[in-house]
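J.: Have a look at this one.
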Amino acid sequence: MSKVRILGIGSPSGDDQAGWLTVDALADCGVQSEHELAIDKLDRPGASLIGLLEQADWVILVDAMQSGDRPGRIKRFDQDAWPGYTQGLSSHGLGVLDALSLARAFGILPPRLDLYGIEIALACPGGEAGDDIQAAARQLARHIAADLATASR
Amino acid sequence: MTERRSVAIHVPVLARVEGEGALDLRIEQGDIAELRLRIFEPPRFFEKFLEGRHYSEIPDMVARICGICPVAYQVTAAQALERLFNVELSPWAQAMRRVFYCGEWIQSHSLHIHLLAAPDFFGCSSAIELARIAPDEVRRGLRIQGLGNELMDLFGARSVHPVGVRVGGFHGAPSLAHIRDMREKLRAALPEAEALIRWAAAIPVPQDDQAFVSVATQHPADYAIERGEIVTSDGLRIGAEAFDAHFAERHEPHSTALFSTYHGQPYLVGPLARLNLNHAHLPGAIRALLADIGFVLPSRNLFHSLLARAVEIWLALHEALRLLDGYRVPDSPWVPATPRAGVTTGCTEAPRGLLWHRYEMDAEGRVVNARIVPPTSQNQGRIEEDLRLSLLNFGLDHPDDALRLHCEKVIRNYDPCISCATHFLRMNVARI
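Order-wise, the sequence lines are chains U and W. Mind the numbering: the first sequence is residues 1308 to 1460 in our numbering, read in order. Mind the numbering: the second sequence is residues 384 to 815 in our numbering, read in order.
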């Protein structure tokens, strides 16, 4: 039995809850899997994300992203498509890609890593996520649930 | 005959410095004609936000000034207000304030060493590059940083903008079981911290020798962190209330952060200033280790700052372990406070150096006005002075990239937190 860890990353700021909404929707739809499953909601985990990647066979990670695309658009990133903007690496703002890049340099990335981004618009502190973000989160949750079900067969 | 160069260089981005700033360097006929650390990040008006706020809100509000050193802001504010309100902390709260603060030193120093400063000395442009060639060392650094965060979490409920401190003590006390677990982790981390010191000591750094005044707090009982008088390496010893009589802030047109001077001169705050002034207060074990690696204090080489941070990580682990020995859950983690009107000051040692607060309070316990002098603004003048001296010592005829890297290294020695917001420093060099 594989260990699967699903990580929804976000903050309590409007659309930036996209990762949290996805794992909430996943939990709501009663995800079924023969794998050992752990689902976490994380608030800007920084370097602590690295430790969560260890001892998992499959990590599914969902975060908000801004690339100028339509809000609600879902993208999946393969490792060779990770943006290389680590020049700005900072102790104040260690982002998800920084942490993943460090984990890759350490050689501790899990055998399978599915990295999803949900395009967002506004990240207002204390605000609700937009309808298009909530719909995208539900759609991505269904997709992940189907992936897990397929892998269990 | 060698011609003295007059060259113009434009280096648009200097990474691994906290906040938005720029460095302007103009070299004319082989001499530095202009050198300015230009901070253009907009002012954040935190002191103004505090006006009219009740004292009970202050620790949580000032924590928002910095995501890396919120404990420093909380503890300094609480110390100042407790002084005004004649609140005497219980021995438990006094000790746990220091433990809480140790967590912040551990995480802040470890992040700076491994993510910001060390890559320079290995020819790497980022911590990710460094992680490829020194994965065990960077992972060790992140483990130590994580432990610092856990320690902050224990007393503050979270490590970023914690909420544990209140005037009079803490809102809550960790359970004995949690403390037992933490003690085991601290004990296990001490050998890692010793290995970190030996690794840091082995990193080749430029030999530099500069005269500067070190400023830090000092306390007779221990290596000053959360309490103490302000002392300087030229013999001044004052209470926090006398800060304004000796230290002045002034505005420079090229910077939105204030410049501080001590008797009209730049001065150094931070880990190396602390070690220079307080090395006699280090525990015997660490003094023996420093003798073994040949780290002689006081030091006039700012490139020893990385090693100084490593030493303070060991110290903070040791202190937290010592103070948590025999831990008992107190009957109450706080004592009550009764507000009164007046002016009060406080000072502690933030990871980056001396942090000074001044509050005028009304009889209802509301802030009339506030002043906060953070370490980076105090170091700003010293950074400019250091850059000038270091560049002259390094030699201005080096290629532009080498000059730029040297400037970056010098600036990063101070771990400047320009505003705790963004992460780029632009540098413009002109040679004419």
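Ideal placement from N, C-alpha and C gives every residue a C-beta, glycine not left out.
Considering Cα atoms alone, identify which of G506/W, L569/W, S509/W is closest to Q490/W.
T.: Nearest of G506/W, L569/W, S509/W to Q490/W, Cα basis: L569/W.
J.: Compare the C-alpha of A1436/U against each of P1417/U, G1317/U, K1348/U, R1312/U and name the closest.
T.: Ranking P1417/U, G1317/U, K1348/U, R1312/U by Cα distance to A1436/U puts G1317/U first.
J.: Looking only at DSSP bridge pairs, what is K1348/U linked to?
T.: Answer by DSSP bridge pairing, in chain order: G1315/U.
J.: With a cut-off of 8 Å, does the C-beta of W1327/U fall near any C-beta of chain W?
T.: No, its Cβ sits nowhere closer than 8 Å to a Cβ of chain W.
J.: Output needed in chain order: residues of the region 1355–1388 of chain U with a Cβ under 8 Å from some Cβ in chain W.
T.: Taking 8 Å as the Cβ-Cβ cut-off against chain W, the residues of the region 1355–1388 of chain U that qualify are S1355, I1357, G1358.
J.: So that I know if they touch, is there some Cβ in chain U lying closer than 8 Å to that of A510/W?
T.: Chain U contact via Cβ: present.
J.: Tell me which residues of the region 526–560 of chain W have at least one Cβ-Cβ distance to chain U shorter than 8 Å, keeping chain order.
T.: Within the region 526–560 of chain W, the qualifying residues are Q528, G529, N532, V543.
J.: Return the CA-CA distance between A1492/U and V712/W, expressed in angstroms with no decimal places.
T.: Lying before the first or after the last residue shown, residue 1492/U is absent from chain U, which here runs from 1308 to 1460.
J.: Within the continuous alpha helix (DSSP H) that includes Q490/W, where are the two ends?
T.: It spans 474–494 - the alpha helix (DSSP H) in which Q490/W sits, taken as one unbroken run.
J.: List the residues that DSSP assigns as beta-bridge partners of M744/W.
T.: DSSP lists G725/W, V750/W as partners of M744/W.
J.: DSSP has I1367/U in a bridge; who is on the other side?
T.: Beta-bridge pairing links I1367/U to I1313/U, D1421/U.
J.: Check whether the Cβ atoms of G764/W and T459/W sit closer than 8 Å, and answer yes or no.
T.: Not closer than 8 Å, so no.
J.: If you reduce the DSSP assignment to three classes, tell me which class W697/W lands in.
T.: The answer is helix: DSSP assigns W697/W an H, G or I state.
J.: Helix, strand or coil, according to DSSP, for V543/W in the structure here?
T.: Here V543/W sits in coil by DSSP.
J.: Kindly indicate if chain U contains any beta-carbon less than 8 Å away from that of R735/W.
T.: Output row for R735/W: interface = no.
J.: Return yes when the Cβ of L1422/U is within less than 8 Å of the Cβ of I1381/U, no when it is not.
T.: Not in contact: I1381/U and L1422/U (Cβ atoms no closer than 8 Å).
J.: Could you check if R1419/U is buried or exposed, using at least 16 other CB atoms within 10 Å of its CB as the buried criterion?
T.: That one is exposed.
J.: Helix, strand or coil: how does DSSP classify A584/W here?
T.: If DSSP states are grouped into helix, strand and coil, A584/W belongs with the helices.
J.: Just checking: is the beta-carbon of S1408/U within a distance shorter than 8 Å of some beta-carbon in chain W?
T.: Interface residue, yes.
J.: Starting from L418/W and walking both ways along the beta strand (DSSP E), at which residues does that stretch end?
T.: Note, L418/W: beta strand (DSSP E), 414–422.
J.: At the level of alpha carbons, what is the spacing between A604/W and R419/W?
T.: Those two C-alpha atoms are separated by around 40 Å.
J.: I want to see whether chain U comes within less than 8 Å of P518/W, judged by CB atoms only; does it?
T.: By this cut-off, P518/W is an interface position.
J.: Quick one: residues in its chain with C-beta nearer than 6 Å to the C-beta of S597/W, no 5 flanking neighbours on either side, listed in chain order?
T.: Excluding positions up to five away in sequence, the list reads S616, L651, A656, N659, L660.
J.: Indicate whether at least one CB of chain U lies closer than 8 Å to the CB of R515/W.
T.: With 8 Å as the cut-off, R515/W counts as an interface residue toward chain U.
J.: Quick check: the region 471–485 of chain W against the region 709–724 of chain W, are at least 3 beta-carbon pairs closer than 8 Å?
T.: Touching, yes.
J.: Can you tell me the Cβ-Cβ gap for G1379/U and A1442/U, rounded? I've got them flagged as a contact below 8 Å.
T.: The pair is a contact, with the Cβ atoms about 6 Å apart (cut-off 8 Å).
J.: Here's a check: name, in chain order, each residue in its chain whose Cβ is nearer than 7 Å to the Cβ of E512/W, leaving out the five neighbours to either side.
T.: Excluding positions up to five away in sequence, the list reads P502.
J.: Residues in the same chain with beta-carbon distance under 7 Å from G725/W, minus the five sequence neighbours each way, listed in chain order, please.
T.: These residues qualify, in order along the chain: L467, M744.
J.: Would you mind telling me which residues of chain W sit closer than 7 Å to A1412/U, beta carbon to beta carbon, in chain order?
T.: Residues of chain W passing the Cβ test: I511, A514, R515, P518.
J.: Restricting to Cα atoms, I'd like to know which of D443/W, E791/W, I696/W is closest to W488/W.
T.: Nearest of D443/W, E791/W, I696/W to W488/W, Cα basis: I696/W.
J.: Rounded to a whole number of angstroms, what is the C-alpha to C-alpha distance between E791/W and I516/W?
T.: E791/W and I516/W: Cα-Cα distance of roughly 21 Å.
J.: Shorter than 8 Å from the beta carbon of R522/W to some beta carbon of chain U?
T.: So yes, R522/W belongs to the interface.
J.: For E471/W and A753/W, which I take to be in contact (beta-carbon distance under 8 Å), what is that distance rounded to the nearest angstrom?
T.: At roughly 23 Å, the Cβ-Cβ gap does not stay under 8 Å, so E471/W and A753/W are not in contact.
J.: To the nearest whole angstrom, what separates the beta carbons of T639/W and I451/W, a pair I think is in contact under 8 Å?
T.: In fact, because the Cβ distance is near 20 Å, the residues do not count as touching under 8 Å.
J.: How about the region 517–533 of chain W and the region 544–560 of chain W: do they share at least three Cβ pairs that are nearer than 8 Å?
T.: No: the two stretches stay apart, fewer than three of their Cβ pairs being nearer than 8 Å.
J.: Since Y456/W is in the alpha helix (DSSP H), which residue starts that stretch and which ends it?
T.: 453–467 is the span of the alpha helix (DSSP H), which, as asked, contains Y456/W.
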